[in-house]
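Protein chains in written order, with full-length UniProt numbering: chain F, 1 to 118; chain G, 1 to 118.
Data first, discussion second: the structure below is written as structure tokens.
There are 2 protein chains.
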Amino acid sequence: MDQRQALNAFGALSQETRLQIVRMLVVSGPDGMAAGAIAEKAEVSPSNISFHLKELERSGLIAQQRESRSIIYTANYEALGGLVRFLMEDCCSGHPEICAPAAEVAACCAPKMEEKLQ
Amino acid sequence: MDQRQALNAFGALSQETRLQIVRMLVVSGPDGMAAGAIAEKAEVSPSNISFHLKELERSGLIAQQRESRSIIYTANYEALGGLVRFLMEDCCSGHPEICAPAAEVAACCAPKMEEKLQ
DNA sequence: TCAACGTTTCAAGGATTATTGAAATATGGA
DNA sequence: TCCATATTTCAATAATCCTTGAAACGTTGA
Chain F
1 MDQRQALNAF
11 GALSQETRLQ
21 IVRMLVVSGP
31 DGMAAGAIAE
41 KAEVSPSNIS
51 FHLKELERSG
61 LIAQQRESRS
71 IIYTANYEAL
81 GGLVRFLMED
91 CCSGHPEICA
101 PAAEVAACCA
111 PKMEEKLQ
Chain G
1 MDQRQALNAF
11 GALSQETRLQ
21 IVRMLVVSGP
31 DGMAAGAIAE
41 KAEVSPSNIS
51 FHLKELERSG
61 LIAQQRESRS
71 IIYTANYEAL
81 GGLVRFLMED
91 CCSGHPEICA
101 PAAEVAACCA
111 PKMEEKLQ
């Protein structure tokens, strides 16, 4: 993830509906969610959700694939991980004060991290 | 850091000049930089840098303090760490796929992390 | 083929954000 | 007190982004 992509990603996440969409899609995992289901859960109109989905896709944070009549959106885990990495490493120069809270979270969610630390 | 703060922070970082400012201030550490020095390095006009500095301060990512005639800006490491944490934990639900790259960075920049993992 | 469904596209309008240059403010030194 | 320095504020304009509803598109089943 380079600076240009990071700028787009930050822009994408700076809007409430879009942040909500990303959170939904992260939770829903590889199965993803259809545009209509996202619109319903986010309580916005179909055309509006479509606008935001396009914006998120343009930023690379989500991907789409047609499944019969529906269009299924999924979170792009790699891009999200890349953004976290950018924020810690490129933007924040790997400063321990900034990385420390991240390390705690990483320790919680990735129990096999002790190995990676060798 | 709650969602509202995160939205503001993402918005603040989604603009090239502002991202550049944050990077400068992270590198310059606790000493910070004067507004004029930031403007010169970023190659933008004083009034424009002032606009972006205000925006960043509003988001909580930087702080200011007057030092004689200059106004010194410093990065808010706590807020930046909070944003990384929000992105990993709240937004991305601590998914290992997203946290893994962060764990690597954390391992590099925080050599004493083995202790924290106990 | 036709109708219904799920979704996107488009154009228009409103809202927010960015840029610019001139004027105002605050500080320190002569 | 007056001037120079460092910075902010303000008003105007330009640019970007968001929302809305109507129309168009692709897909499926009758």
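Idealized CB from N, CA, C, for every residue including glycine.
Can you find a CB in chain F that lies within less than 9 Å of the CB of residue i?
i, result
"residue 104(G)", "yes"
"residue 95(G)", "yes"
"residue 63(G)", "no"
Is there at least one Cβ from chain G nearer than 9 Å to residue i's Cβ?
i, result
"residue 40(F)", "no"
"residue 33(F)", "no"
"residue 7(F)", "yes"
"residue 66(F)", "no"
"residue 53(F)", "no"
In the DSSP output, which residue or residues are listed as bridge partners for residue i?
i, result
"residue 24(F)", "Looking at the DSSP assignment, residue 24(F) forms no beta bridge with any residue, so it has no partner."
"residue 34(G)", "72(G)"
Since residue i meets chain F, which of its residues come closer than 7 Å, beta carbon to beta carbon?
i, result
"residue 11(G)", "14"
"residue 98(G)", "77, 80, 81, 84"
If you draw a straight line from the alpha carbon of residue i to that of residue j, how long is it in whole angstroms?
i, j, result
"residue 78(F)", "residue 68(G)", "47 Å"
"residue 98(G)", "residue 25(G)", "27 Å"
"residue 85(F)", "residue 23(G)", "14 Å"
"residue 46(G)", "residue 33(G)", "14 Å"
"residue 37(G)", "residue 55(F)", "35 Å"
"residue 7(F)", "residue 10(G)", "9 Å"
"residue 16(F)", "residue 35(G)", "31 Å"
"residue 113(F)", "residue 96(G)", "Bear in mind that a pLDDT of 49 at residue 113(F), under 50, signals an unreliable position, so the model cannot answer this."
"residue 76(G)", "residue 58(F)", "30 Å"
"residue 41(F)", "residue 94(G)", "22 Å"
"residue 14(F)", "residue 106(G)", "25 Å"
"residue 64(F)", "residue 83(F)", "19 Å"
"residue 101(G)", "residue 81(F)", "6 Å"
"residue 89(F)", "residue 39(G)", "24 Å"
"residue 43(G)", "residue 92(F)", "21 Å"
"residue 29(G)", "residue 20(G)", "15 Å"
"residue 53(F)", "residue 12(F)", "10 Å"
"residue 5(F)", "residue 87(F)", "12 Å"
"residue 74(F)", "residue 49(G)", "38 Å"
In chain G, which residues lie with their C-beta within 7 Å of the C-beta of residue i?
i, result
"residue 57(F)", "The premise fails here: residue 57(F) is roughly 17 Å from chain G at the closest Cβ pair, so nothing lies under 7 Å."
"residue 23(F)", "91"
Taking C-beta pairs closer than 8 Å, name the residues in chain F that residue i reaches, listed in chain order.
i, result
"residue 88(G)", "84, 102, 105, 106, 109"
"residue 19(G)", "3, 6, 7, 10, 91"
Give the interface partners of residue i over in chain G, defined as CB-CB distance under 8 Å, in chain order.
i, result
"residue 44(F)", "Per Cβ cutoff of 8 Å: no residues; residue 44(F) is ~16 Å from chain G at best."
Relative to the ligand COA, is the shortest distance from any of its heavy atoms to the C-beta of residue i smaller than 8 Å?
i, result
"residue 5(G)", "With respect to the ligand COA, the structure shown offers nothing to examine, as it has no ligands at all."
Minimum length 4: unbroken alpha helix (DSSP H) runs contained in the region 51-98 of chain G: 77-85
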